[in-house]
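Each residue of the sequence shown is one higher than the one before, counting from 1 in UniProt numbering.
We put the CB at the ideal spot given by N, CA and C, even for glycine.
Being a predicted model, the structure only gives us computed values, none of them experimental.
Each remark here refers to the structure printed beneath this line.
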Amino acid sequence: MLLTAQGAYLKLEGGNIEIHGPGKMEFKSSMRDLTGPLNIPNIEIANKIYEINIKRDLKIEYVDADGNFLKNEPITLNFLNKQPTLLTLDKEGTATIKNAPLGPFRAEQSKRK
1 MLLTAQGAYL KLEGGNIEIH GPGKMEFKSS MRDLTGPLNI PNIEIANKIY
51 EINIKRDLKI EYVDADGNFL KNEPITLNFL NKQPTLLTLD KEGTATIKNA
101 PLGPFRAEQS KRK
């Protein structure tokens with residue numbers, strides 16, 4: 001990703017951050033621990049990660065195209081080689097699955113097509 005404005009740029013690429021400006025640049029900050037989602041480049045690697053049997057808590061949030069939360073709707077999550085997990089979204093359109101396997105999954109909503 002490359003962001004530019006008035007001769008300066010911020011470039012995010014391959015886990016690196018580059019900042020350039022036409023004059024003196026000052027930064028005022030304290031130490032921050034930045035974390036983000038796991039990036040899995042392709043399905044083959046995702047399947048290998050799944051085979052390791054790593055578990056994590058998975059929080060999902062469903063929002064429609066207009067930004068409305070999908071409240072109290074049933075969701076089915078299909079993980080590789082596992083029984084489907086049935087759950088219902090709360091009033092904020094979220095649900096959490098404890099000890100979900102790390103790897104690909106598919107979500108289905110029976111009320112929507």
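Among the candidates the options, whose CA atom is the shortest distance from the CA of residue i?
| i | options | result |
| --- | --- | --- |
| residue 103 | 43, 7, 22, 25 | 43 |
| residue 54 | 99, 111, 4 | 99 |
| residue 23 | 11, 7, 1, 15 | 7 |
| residue 79 | 1, 5, 101, 108 | 101 |
| residue 57 | 18, 97, 63 | 97 |
| residue 108 | 13, 68, 76, 63 | 76 |
| residue 68 | 25, 105, 93 | 93 |
| residue 110 | 70, 83, 15 | 70 |
Does the Cβ-Cβ distance between residue i and residue j come in under 9 Å?
| i | j | result |
| --- | --- | --- |
| residue 72 | residue 59 | no |
| residue 85 | residue 74 | no |
| residue 28 | residue 19 | no |
| residue 2 | residue 13 | yes |
May I ask you to list the residues that DSSP assigns as paired with residue i?
| i | result |
| --- | --- |
| residue 58 | 97 |
| residue 105 | 79 |
| residue 16 | 13 |
| residue 8 | 5 |
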